[in-house]
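A.B. asks:
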Amino acid sequence: MATSSGIAWRIPSESHGEISGIGSLAAYFIKNRYWGKDEINIRAEQGYEIDRPSLLYLKAKTINGDIEVFIGGKSISVAEGIIQI
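Be aware that the sequence shown starts at 6, since it is given in our numbering, and climbs by one per residue.
The following block contains the structure:
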């Protein structure tokens, strides 16, 4: 479930705290002025139905024509590792 300005909506297929997906969604909202603003604050809850609850806080805004997205919160870690290139 995600909320912004007192509006809540439910996304039917649920995953755990998907930071890359929710960050992209916040950028989409800003780019398309979904709420008619240049800055938004969103609280997103995911993973309750699959027993991996997470609570994410997002802030997205336009600065000098660029979209900046800030993400914080708590989630359950399911994997960890290092990628070497």
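Think of the CB as a built atom: it goes at the ideal place given N, C-alpha and C, for glycine as much as any other residue.
Hey, would you say the C-beta of residue 63 is under 8 Å away from at least one heavy atom of the ligand MG?
C.D. replies: As far as ligands go, the structure on display features none, and thus does not contain the ligand MG.
A.B. asks: Determine the extent of the beta strand (DSSP E) in which residue 48 is found, giving its start and end residues.
C.D. replies: Here the beta strand (DSSP E) through residue 48 covers 44-51.
A.B. asks: Would you tell me roughly how many angstroms separate the C-alpha atoms of residue 59 and residue 69, rounded to the nearest one?
C.D. replies: Spanning the two alpha carbons is a distance of roughly 32 Å.
A.B. asks: Starting from residue 68, follow its DSSP beta bridges and name the residues at the other end.
C.D. replies: 71.
A.B. asks: Comparing C-alpha positions only, which one of 86, 87, 72 sits nearest to residue 37?
C.D. replies: Of 86, 87, 72, the residue nearest in Cα terms is 72.
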